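J.: This is the structure I want to talk about, given as structure tokens.
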Amino acid sequence: MTEMQNPSREKTVGFIGLGMMGQPMAENILKKGHALAAYDVLKERLDAICALGGRAATGPADVARQASIVISMVDTTAQAEEVIVGPGGLIDGAQPGDVIISMSTIDPEMLRAMHAKLAAKGVGLIDAPVSGMQKGAIAGTLKAYVGGEEAVLEKARPVLQSMTAEIVHFGPIGQGTTMKLINNMLCQINWVLVAEALVLGTKAGLDPRQMVETVLRATGNSVAFEYSAPRILERNFDGIRLDISFKDIELQTALAKSLKLPLFMTTTAQQVYQMARAQGLGSEDGGATLVKVYEQLAGVTVQG
């Protein structure tokens, strides 16, 4: 094979987690001319990225053996720990000088623990969760919130730039994820309020579509409203899984507890998410399906 067909690991990017966000992010890495070695537990996802020019790996350690910079884009803290430092994880295949980029929204304390384990092997770790949702992942316009050492970030920067439009460094390992949790907290609490407001107005006799059109041009508008309100009107509940939003809120409240800080609005919102999960709505869109909790209580349906 030529070097282009079988590039060295120094010229290869690794990617683990080809889900709703990960798949288009990996595609953008390929579009920018990087060689890509990938792994996902679902074969059909891996086949899709290989059809675009990526190479399949047999697991996380194999990804690290093939690539000097590896991205982890899994759902939960437990999954990230398994992929990065667990048996057969990236730590088993990585070499001194390599860089791992954790792009999941996970527990900052676990990031610090993994950083210490990897540093003992000479492997760098930064956290770089992203904001911008799936449309930003597809367009390559995500914002990356980075925590970690400046020198490690600079090694990773060319790869991050292939997926993002903005990279902001917030300080030591874990601080990028802390910023992401704060951003998500503001959005996820707002989604509860959107559901409350639309059900209240509908119960009071307002036309749901007229309500949404009015708020979109008024002071009550927000990015959260712009995302969830049209989905509610269309009864489109396919999107960001509510279980993922609930996972984020669990991390937000855990962070607050560690700092001995009360979060009145967040813990109240958390119970609404839990009610939705109790109704079996965990796999539906977290920004829209919350309305079903209030609709059941009010006896109305918000639809336009």
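First residue of the sequence shown? That's 1 in our numbering, and the numbers climb one at a time after it.
For every residue, glycine included, the Cβ atom is placed at its ideal position computed from N, Cα and C.
What you are looking at is a predicted structure, and each value in this text was computed from that prediction instead of being measured.
At which residues does the beta strand (DSSP E) containing S127 begin and terminate?
T.: With the sequence shown as reference, residue 127 is identified as Asp, and Ser is not the correct amino acid for it. Run containing D127: G124 to D127, per the beta strand (DSSP E) assignment.
J.: For E166, list the residues DSSP reports as bridge partners.
T.: DSSP output for E166 lists K143 as bridge partner(s).
J.: Quick one: which unbroken beta strand (DSSP E) runs of 3-plus residues sit fully inside the segment 46-102? Chain order, please.
T.: Here the runs fully enclosed are 69-72 and 99-102.
J.: Could you tell me the boundaries of the beta strand (DSSP E) in which V13 lies?
T.: Counting along the chain, the beta strand (DSSP E) containing V13 begins and ends at T12 to I16.
J.: Of the residues G287, A195 and I100, which one's Cα is nearest the Cα of R157?
T.: If we check each option's Cα against that of R157, I100 comes out closest.
J.: If you check the beta carbons only, do V291 and T202 fall under 7 Å apart?
T.: No; because the gap between Cβ atoms is not below 7 Å, this pair is not in contact.
J.: Skipping 5 residues on each side, what residues in its chain have a beta carbon closer than 7 Å to that of I189?
T.: Excluding residues within five positions, the ones whose Cβ falls inside 7 Å are M265, T266 and A269.
J.: Compute the minimum distance between the beta carbon of S104 and the heavy atoms of the ligand GDP, and state whether it is under 6 Å.
T.: Within the structure as shown, the ligand GDP is missing, as the structure has no ligands at all.
J.: From the beta carbon of L186, is the nearest beta carbon of chain B less than 7 Å away?
T.: Of the chains in the structure shown, none is chain B; there is only one protein chain.
J.: Where do the N-terminal and C-terminal ends of the alpha helix (DSSP H) with L242 fall, by residue?
T.: Start and end: L242 to S258.
J.: Could you check which residue in D248, E27 and V215 has the C-alpha nearest to that of P129?
T.: Taking only the C-alpha atoms, the option nearest P129 is D248.
J.: Cβ of Y145 within 7 Å of Cβ of V159?
T.: Cβ distance not < 7 Å, so Y145 and V159 don't count as in contact.
J.: With I218 as the anchor, note down where its alpha helix (DSSP H) starts and where it stops.
T.: The identity of residue 218 in the sequence shown is Ala, whereas the question assumes Ile. Where A218 is concerned, there is no enclosing alpha helix (DSSP H), given that its DSSP letter is neither H nor E.
J.: What number of angstroms, rounded off, separates the C-alpha of G306 from the C-alpha of V74?
T.: Residue 306 falls outside the range modelled here, since the chain spans only 1 to 304, and no answer is possible.
J.: Okay, do the segment 84-102 and the segment 29-44 touch, 3+ Cβ pairs below 8 Å being the bar?
T.: The segment 84-102 vs the segment 29-44: no contact.
J.: Would you report the Cα separation of E250 and T76, rounded to the nearest angstrom?
T.: Cα-Cα distance, rounded: 11 Å.
J.: Can you tell me which of the three DSSP states A288 falls into?
T.: In the structure shown, A288 sits in coil (DSSP, three-state: anything other than H, G, I, E or B).
J.: Pull up the CB-CB distance for V63 and L46, whole angstroms please, since I reckon it's below 8 Å.
T.: Actually they are not in contact, since the Cβ atoms of V63 and L46 sit about 11 Å apart, beyond 8 Å.
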